[in-house]
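Take a look at the structure set out below.
In my numbering, the protein residues as written are 11 to 87.
Here it is, written out as structure tokens:
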């Protein structure tokens, strides 16, 4: 059995990046729901533009980091 911290630093970095990406996505979702509920359509449109542009590219980067971390970790063992 491996100690939880025996993973490589890159694997820990990739999992933290995924964690904070998902937390940010959840925050944007809550803000979007609140802006629709309160009638701030300009804020809702801004959040949709942010999600389409920035977060979709960031998702690709985070998934690539995770794939590289899984591959290097499996080659290590």
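Built from N, CA and C at the ideal position, the CB exists for glycine as well.
Asked                                                                                                                                        : Found
Excluding the 5 residues flanking residue 24 on each side, which residues of the same chain have their C-beta closer than 6 Å to its C-beta? : 75, 76 and 79
Where does residue 18 fall in DSSP's three states?                                                                                           : coil
Taking Cβ positions, are residue 72 and residue 27 nearer each other than 7 Å?                                                               : yes
What residue range is occupied by the uninterrupted alpha helix (DSSP H) comprising residue 82?                                              : 66-86
Using only the alpha-carbon positions, how far apart do residue 17 and residue 39 sit?                                                       : 32 Å
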